[in-house]
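First comes the structure, then the notes that go with it.
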Amino acid sequence: MTRQIAAPTPPAPLPQSPLRSQPQPQPQPQPQPTPRARPARVAITQHRLLHYRQAFFGRLRVACHERGIDLHLVHGQPSPAEALKKDVGQLPWADVMRNRFLRVRGVDLVWQPYPAALRDADLVVLIQENRILSNYPWLLRLGVRRTQRVAYWGHGRNLQSSAPQGLRERWKRWFVNRVDWWFAYTESTRGILESDGFPAERISVLDNAIDNDQFLADLASVTPEELQACRQRLGVQAGAPVGLYCGSLYPDKRLDLLLAAADLVHAERPDFRLVVVGDGPSRHVITDAAAGRPWLQWVGVQRGHDKAAWFRTATLYLSPGAVGLHVLDAFCAGLPMITTANARHGPEISYLESGRNGFVVADDAQAYAQTVLQLLHDRVGFERVRAAAAEDARRYTLDNMVRRFVGGIEACLRLPPKGGG
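Going by the numbering used here, the letters in the sequence shown line up with residues 1 to 421, in that order.
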């Protein structure tokens, strides 16, 4: 018979001490970290990156980062015709896409792919150009989230159009109000946009500018020996009048008028010299002219310190054709700029106040040359204009433009999307 073994009796519980008898605090739930919202993401598209915009985008990126904004730059390449201007820039952090071009009736239409990784951008900034076909899906809100904002950066109108009331300009005006925000080049652009019915509170005026600081440093770094070398190349002594043209060479720059006026000035002042800095599709106009004019020098594209040396050598800035950002180069160097009233100017022409910091004259070689000669003969008036030009160089700066652009980005992101109409 199997013997049954009784289970052991459990020991009596030990008496609790007074301390153990107190209720124990329950562990408190730890607060969970709040998921951190991603920084606002902004994408700026440029169908090509110009070399003079490199410093701007670099500073804008830093300024955006300081405000918790993740800035991206998307750009492509110039068309074959644009490539002749030799003004391409590059930035290692930019998203570079392969543009596709289609030439139609002398116009290079362009489609620029958009990076899939930036499809969730909170704000997409487009350059205002009719020919950029890849803009239209954004403007028509095709595949665009309701919370996404789309902005334009531009002139408002093509100020160089030969048909300001034509179909192209009417087409451009129709899209003015299809965006949530406008980054306007100048105050004159603001006026254009408001006249087209765009809300004033959704416009940022940038005061379009270039890197004055670097150019001012380049100007200051030019040595007396370098100035003497430039004069020797021109065959003149210190104090002889030197006219400077600096920019791309193409028909709207009115190179024919430049040469005709320079001929008249040289006939009156045989010690006058003309230096042409730049390149482009109309280069042959200058090189052919220089072959028979020993007082005319074409020196090609010059940048940085080398460019500054020619500005320091010059007395006047002669730009009878389209005026754009290079007016700020003239201001930095304290050079009176002389242009014409009827040229196809960019919006920066509004910076030029005729008689104060430069001159806007009739579209005539005789009138142009006469203004040059009068300025050379009037030393007091010449110095007054030089001083005003240098003063305005301190107003239209790259840092000012960056501040205005960042302020516009922040203001746009605070407002709900306008809705594209």
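Glycine is no exception: its CB is placed at the ideal position from the N, C-alpha and C atoms.
Predicted model only: the values in this text are computed from it and were never measured.
To the nearest angstrom, how far is it from the Cα of residue 405 to the Cα of residue 262? Going from the Cα of residue 405 to the Cα of residue 262 covers about 40 Å.
Only counting the same chain, and skipping five residues up and downstream in sequence, which positions put a Cβ closer than 8 Å to that of residue 282? The residues 249, 250, 251, 253, 255, in chain order, have a CB closer than 8 Å to that of residue 282 in the same chain once the five nearest residues on each side in sequence are set aside.
Alpha carbon to alpha carbon, how far is residue 417 from residue 97? Give it in angstroms, no decimals. Across the structure, residue 97 and residue 417 are spaced so that their CA atoms are roughly 27 Å apart.
Beta-carbon contacts of residue 53 that lie in its chain and below 7 Å, excluding the five residues immediately before and after: The residues are 89.
State whether the segment 387 to 395 contacts the segment 357 to 365, with contact taken as three or more CB pairs (one from each stretch) at a distance under 8 Å. By the Cβ criterion, the segment 387 to 395 is in contact with the segment 357 to 365, since at least three pairs of Cβ atoms, one from each stretch, lie closer than 8 Å.
Under the three-state DSSP convention, the category residue 310 falls into: Of the three classes helix, strand and coil, the one that applies to residue 310 here is helix, per DSSP.
Note down, in chain order, each residue of its chain lying with its Cβ closer than 8 Å to the Cβ of residue 91, except the 5 sequence neighbours on either side. Exclusion of the five residues before and after residue 91 leaves 49, 54, 57, 58, 73 as the residues of its chain whose Cβ lies within less than 8 Å of its Cβ.
Determine the DSSP secondary structure at residue 72, reduced to helix, strand or coil. Annotated three-state conformation of residue 72 is strand, per DSSP.
Close-in-space but distant-in-sequence residues of the same chain around residue 297 (CB under 8 Å, 5 per side omitted): These residues qualify, in order along the chain: 233, 234, 273, 274, 275, 276, 290.
In the structure shown, what three-state DSSP assignment does residue 36 receive? Residue placement at residue 36 is flagged as unreliable, the pLDDT there being 47, under the threshold of 50; the coordinate-derived value follows with that caveat. Per DSSP, reduced to three states, the secondary structure at residue 36 is coil, with no helix or strand assignment.
What is the DSSP secondary structure of residue 295, reduced to helix, strand or coil? For residue 295, the secondary structure class from DSSP, reduced to helix, strand or coil, is coil.
Range covered by the beta strand (DSSP E) that runs through residue 191: DSSP places residue 191 in no beta strand (DSSP E) but in the uninterrupted alpha helix (DSSP H) bounded by 187 to 195.
Over what stretch of residues does the alpha helix (DSSP H) that includes residue 424 continue unbroken? For the chain, the structure presents residues 1 to 421; residue 424 sits outside this window and is missing.
Is the distance from the Cβ of residue 107 to the Cβ of residue 131 below 9 Å? When the beta-carbon positions are compared, residue 107 and residue 131 come within less than 9 Å of each other.
Just reading off the beta strand (DSSP E) that residue 339 is part of, what are its end residues? For residue 339, the uninterrupted beta strand (DSSP E) segment begins and ends at 337 to 340.
Is residue 359 helix, strand or coil by DSSP? In this structure, residue 359 counts as strand in the three-state DSSP scheme.
What residue range does the alpha helix (DSSP H) around residue 275 cover? In the DSSP assignment, residue 275 falls outside any alpha helix (DSSP H) and lies within the beta strand (DSSP E) extending over 273 to 277.
Could you check what DSSP says for residue 250 in three-state terms: helix, strand or coil? Looking at residue 250 - three-state DSSP - the assignment turns out to be coil, as it is neither helix nor strand.
Starting from residue 184, trace the beta strand (DSSP E) in both directions and tell me its first and last residue. The continuous beta strand (DSSP E) containing residue 184 extends over residues 181 to 184.
Could you tell me the boundaries of the alpha helix (DSSP H) in which residue 62 lies? Unbroken alpha helix (DSSP H) run through residue 62: 54 to 66.
Considering only the alpha carbon of each residue, which of 218, 76, 341, 46 lies closest to residue 329? Taking the Cα of residue 329 as reference, the smallest distance to any Cα among 218, 76, 341, 46 is reached at 218.
Would you call the CB atoms of residue 75 and residue 45 closer than 9 Å? Yes; because the gap between Cβ atoms is below 9 Å, this pair is in contact.
For residue 111: DSSP bridge partner residues: Per DSSP, 100.
Measuring alpha carbon to alpha carbon, tell me which of 392, 413, 61 ends up nearest residue 353. Ranking the options by Cα distance to residue 353, first place goes to 392.
Span of the alpha helix (DSSP H), counted from its first residue to its last, around residue 235: Where residue 235 is concerned, there is no enclosing alpha helix (DSSP H), because DSSP gives it neither an H nor an E.
Beta-carbon spacing of residue 242, residue 305 below 9 Å: For residue 242 and residue 305, no; Cβs fall outside 9 Å.
Just list the residues that DSSP pairs residue 152 with in beta bridges. Bridge partners of residue 152 according to DSSP: 126, 182.
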